[in-house]
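Q:
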Amino acid sequence: MTTHPGSSFDWSDLLRQRRPDGGLVVKAADAPRFEWSDRNQLEIYPTEPFKPKTIGFHIGEMPANRSTGSHRHSCEAILYILEGSGHTIVDGETFGWEAGDSVYVPPMAWHSHHSGPSGSRMIGVWNVPLMEALGLYVNEEAGDTGNADAEPSVRTTLLPSN
5 MTTHPGSSFD
15 WSDLLRQRRP
25 DGGLVVKAAD
35 APRFEWSDRN
45 QLEIYPTEPF
55 KPKTIGFHIG
65 EMPANRSTGS
75 HRHSCEAILY
85 ILEGSGHTIV
95 DGETFGWEAG
105 DSVYVPPMAW
115 HSHHSGPSGS
125 RMIGVWNVPL
135 MEALGLYVNE
145 EAGDTGNADA
155 EPSVRTTLLP
165 SN
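Here our numbering is used: position 117 in the sequence shown is 121, and no number is missing along the way.
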């Protein structure tokens, strides 16, 4: 039994609900990976096997001189740049970044990420699981045009179906 001091709640039950094997580690080879061809981006979701309820993160990789295309979501996001340089456009304003920088993306702000000449690798932290649990998660894509006035298509799931 795993309890917190001053509490008799058995946390091991909660852990078993999240991961049937009860494990606390997801090996890199077991982390779900998704290629977003419409965003020119590979995303790795190492926390997905834990089924987190409030917060999640992903690792994003973009080849050199590419863009995710303009999109927005109802969750907050914070990106930490691991490698490379580039810029993010948020509601028409450009913010440059490089390795070691952090970028905040407000909820429902149209934005796009653009990698520099060496590509980029970043960690994204967001509250998608919480927004989904509350029935409030929305993700709209304007497409690779970067035109926020384009007809959006609404995607309301965290991960694409296989």
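From the three backbone atoms N, C-alpha and C, an ideal C-beta is built for every residue, glycine too.
On the DSSP letters alone, give me the boundaries of the alpha helix (DSSP H) that residue 137 sits inside.
A: Residues 132–137.
Q: Where does residue 52 sit, in a helix, a strand or coil, going by DSSP?
A: Here residue 52 sits in helix by DSSP.
Q: Would you call residue 7 buried or exposed, if buried means 16 or more other Cβ atoms sit within 10 Å of its Cβ?
A: Any reading at residue 7 is ruled out, since the residue's pLDDT is 49, under 50, leaving its predicted position unreliable.
Q: Residue 114 to residue 71, Cα distance in whole Å?
A: Between residue 114 and residue 71, the C-alpha separation is close to 14 Å.
Q: Between which residues of its own chain and residue 162 is the CB-CB distance below 7 Å, once the five residues before and five after are set aside?
A: Below a pLDDT of 50, predicted positions are generally treated as unreliable, and residue 162, at 43, falls in that range; the measurement from the model is reported next regardless. Once the five neighbours on either side are set aside, the close Cβ partners of residue 162 are 132 and 136.
Q: What does DSSP give as the partner residues of residue 46 in its beta bridges?
A: DSSP, once it has assigned bridges, lists 39 and 65 as partnering residue 46.
Q: Pick from 128, 29 and 28: whose alpha carbon is nearest that of residue 79?
A: Minimum Cα distance to residue 79 is reached at 128.
Q: Going by the C-beta, is residue 70 closer than 8 Å to any heavy atom of the ligand MN?
A: You won't find the ligand MN in this model; it holds no ligand whatsoever.
Q: To which residues of the same chain is residue 30 closer than 6 Å at the C-beta, ignoring the five residues directly before and after it?
A: Excluding sequence neighbours, residue 30 sits near 50 and 53.
Q: Would you report the Cα separation of residue 149 and residue 109, rounded to the nearest angstrom?
A: Legend: pLDDT at residue 149 = 48, less than 50; position of this residue unreliable, no value from coordinates given.
Q: Looking at residue 84 and residue 126, is the spacing between their C-beta atoms short of 9 Å?
A: Result yes, Cβ atoms of residue 126 and residue 84 sit closer than 9 Å.
Q: If you follow the beta strand (DSSP E) that residue 90 is in, where does it begin and where does it stop?
A: Its beta strand (DSSP E) spans residues 81–94.
Q: If you draw a straight line from the C-alpha of residue 81 to the C-alpha of residue 61, how long is it?
A: Taking the straight line from one Cα to the other gives about 9 Å.
Q: Look at the alpha carbon of residue 39 and the alpha carbon of residue 141, and state the distance between them as a whole number of angstroms.
A: Computed Cα separation, rounded: 21 Å.
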